[in-house]
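When you read off a place in the sequence shown, starting at 1, and then add 2, the result is the number in my numbering. Built from N, CA and C at the ideal position, the CB exists for glycine as well. All values derive from a computational prediction rather than experimental measurement. A short write-up of the structure that comes next.
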Amino acid sequence: MATLLISDLHLHPGAPAVTEGFLRWLDERAQGADALYILGDFFEAWIGDDLLDLGAADPTGTAPLAQRVASALKALADTGTHLYLMHGNRDFLLGERFAREAGATLLPDPTLVTLGDERVLLMHGDSLCTRDEAYMAFRAQLRDPDWQAQILAMPIPERLELARQLRERSGEANSNKAEDIMDVTQEDVVTALREHGVTTLIHGHTHRPAVHDLEVDGKAARRFVLGDWQPGIGWELEAAPGHDLALRRVALSD
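Spelled out as structure tokens, the structure:
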């Protein structure tokens with residue numbers, strides 16, 4: 003049975019084609035999989051699991067979308083597929099409630115897993131973009147438990163406005179940065195592989211799907227980069243018994 007890995011769907015009400023494509027992919031591609039790993043930025047923004055209490059009253063439309071997606075994931079989990087979620091830089095407040103309703107397990111970043119006969123390192127990927135010093139400082143704030151607790155204590159309308167401001171700030175900041183600054187730092191990739199004692203890394207975040215060959219202490223190593231999802235187009239990595247890891251672009255519509 004195959005294991006599938008995806009990331010960077012950035013689900014939100016303004017991109018219904020991506021949501022519909024993902025739900026179709028679940029039905030047609032993920033059925034029967036042994037496991038599905040979603041490596042961060044599953045949602046474009048997430049202000050806390052209590053958003054689900056708003057239901058149709060959520061002015062952004064995220065709550066009903068999330069409930070629909072969670073139900074679809076739970077249906078897949080109920081067939082025996084193991085589901086795993088990792089936080090990204092957009093949905094770092096995803097919590098145990100959503101995971102439970104989706105039938106999934108939250109994973110720390112990074113996480114070591116076994117795919118076939120190989121130990122593999124999974125990450126979202128943003129922690130490797132160390133040349134972007136401004137983002138790394140911002141990331142440290144976002145991942146601080148005390149800061150997160152303060153945010154989750156805010157009324158939902160204030161959190162919704164904060165999320166809007168953060169997305170706007172991110173877009174403005176990225177538009178003024180060189181492309182290479184927003185990619186991973188090769189030395190940090192090697193360090194991560196060395197520290198975890200593996201030769202394969204799988205991550206998303208950069209929206210630059212590719213397979214990179216590298217060397218770690220004289221050993222051949224690889225870095226698989228998952229792509230972001232767009233209307234009609236998705237990216238998956240498949241780990242199937244007896245086959246090498248395969249990164250694929252997949253059509254999400256006829």
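Check	Outcome
May I ask you to list the residues that DSSP assigns as paired with R250?	E238
Quick one: is M138 buried, meaning 16 or more other Cβ sit within 10 Å of its Cβ, or exposed?	exposed
List the residues that DSSP assigns as beta-bridge partners of L203.	L123, R225
So, with DSSP's three-state summary, where would you put T193?	helix
Does the contact criterion of 3 or more C-beta pairs under 8 Å hold for the region 36-48 versus the region 84-93?	yes
How would you call F82, buried or exposed, if buried means at least 16 neighbouring beta carbons within 10 angstroms?	Note on identity: in this sequence residue 82 is Gly, with Phe being the wrong assignment. Classification of G82: exposed, given that the 10 Å Cβ count is below 16.
What is the DSSP secondary structure of H12, counted as helix, strand or coil?	coil
What distance in whole Å lies between the Cβ atoms of R121 and I183, which are believed to be in contact at a cut-off of 8 Å?	Wrong, their Cβ atoms sit about 31 Å apart, outside the cutoff.
On the DSSP letters alone, give me the boundaries of the alpha helix (DSSP H) that D148 sits inside.	147-154
Can the beta-carbon of L123 be found closer than 8 Å to that of P110?	no
Take every Cβ of the region 18-38, pair it with every Cβ of the region 58-65, and state whether three or more of those distances are shorter than 8 Å.	no
Considering just the uninterrupted stretch of the beta strand (DSSP E) at L216, what are its terminal residues?	212-218
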